[in-house]
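Structure record follows, encoded as structure tokens.
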Amino acid sequence: MPGYHLPMTTSLVELRPARHDDTASLAAVHAEAWRLAYRGMLDGLDLERFVARRSRGWWHDAIDKGVEIEVLEVAGEVAGYASYGPCRMRGTGCAGELYELYLKPEYQGLGFGRRLFASVRTCLERRGLKGLAVRVLTDNEPACGFYAALGGVLTGRSWHQTGGKRLELSIYCWHETDR
Numbered sequence: 012m013p014g015y016h017l018p019m020t021t022s023l024v025e026l027r028p029a030r031h032d033d034t035a036s037l038a039a040v041h042a043e044a045w046r047l048a049y050r051g052m053l054d055g056l057d058l059e060r061f062v063a064r065r066s067r068g069w070w071h072d073a074i075d076k077g078v079e080i081e082v083l084e085v086a087g088e089v090a091g092y093a094s095y096g097p098c099r100m101r102g103t104g105c106a107g108e109l110y111e112l113y114l115k116p117e118y119q120g121l122g123f124g125r126r127l128f129a130s131v132r133t134c135l136e137r138r139g140l141k142g143l144a145v146r147v148l149t150d151n152e153p154a155c156g157f158y159a160a161l162g163g164v165l166t167g168r169s170w171h172q173t174g175g176k177r178l179e180l181s182i183y184c185w186h187e188t189d190r
């Protein structure tokens, strides 16, 4: 048709570093994902305290401090994020660590978590941080299953004390030879 041009297509999914204008979205993703993942595992008051700590201001400060945060954007909406950096756990044999990976509930189970994980792993390797470790609440069976399905090897356990409750954490690792 003369004078008619098809619109330029762009990717509906973008992985990128977090920006200050993402802070409200990051706080919302964190709150939704935590409430879904940890309801019943954490005392309701403890859960809400953890959620409340991650306000827009917390995210703004994290970005200012240079915390590595990868954002998953789907059709212009922040759908998830992952934070990562040098491994803080001794004895894992891994130089990199995935600190957090959370998706809004409606984006879970669609392959977006795998894409975000792969992007983080590539970012860590580019920084020379070979091998990757992650800690996950052992009672969070969906998360444990997710990391195991990605090839993570359960290499240890640790514990976190909160609200008078001792929570077991599982440590999954991907060594550089696992790539």
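In terms of our numbering, the sequence shown is residues 12 to 190. We treat Cβ as the ideally placed atom computed from N, Cα and C, and that holds for glycine. All values derive from a computational prediction rather than experimental measurement.
(request) Ignoring anything shorter than 4 residues or poking outside the region 74–137, list the alpha helix (DSSP H) runs there in chain order. (result) You should have 123–137.
(message) For Leu148, report the span of its beta strand (DSSP E) as first-last.
(response) Annotation: the continuous beta strand (DSSP E) that includes Leu148 extends over 143–148.
(request) Return the residue from the list Trp45, Ala90, Leu143 that minimises the CA-CA distance to Cys184. (result) Minimum Cα-Cα distance from Cys184 among the listed residues Trp45, Ala90, Leu143 corresponds to Leu143.
(message) Taking the straight line between their C-alpha atoms, what separation do you get for Val85 and Ser22?
(response) Using only the alpha carbons, I get a separation of about 9 Å.
(message) Check whether the region 53–67 and the region 105–118 touch, using three or more Cβ-Cβ pairs below 8 Å as the test.
(response) Judged by Cβ distances under 8 Å, the region 53–67 makes no contact with the region 105–118, as fewer than three pairs qualify.
(message) Output needed for Ala44: all residues of its chain with C-beta closer than 6 Å, excluding positions within five of it in sequence on either side, in chain order.
(response) Contacts found: Tyr113.
(request) Check the C-beta distance from Asp57 over to Thr173 and give it rounded, since I have them as a contact under 8 Å. (result) Contact between Asp57 and Thr173 holds, since their C-beta atoms are separated by about 6 Å, short of 8 Å.
(message) With H, G and I counted as helix, E and B as strand and the rest as coil, what does DSSP make of Ser22?
(response) The answer is coil: DSSP assigns Ser22 none of H, G, I, E or B.
(message) Once DSSP output is grouped into helix, strand and coil, what is the label at Ser181?
(response) DSSP places Ser181 in strand when its eight states are reduced to three.
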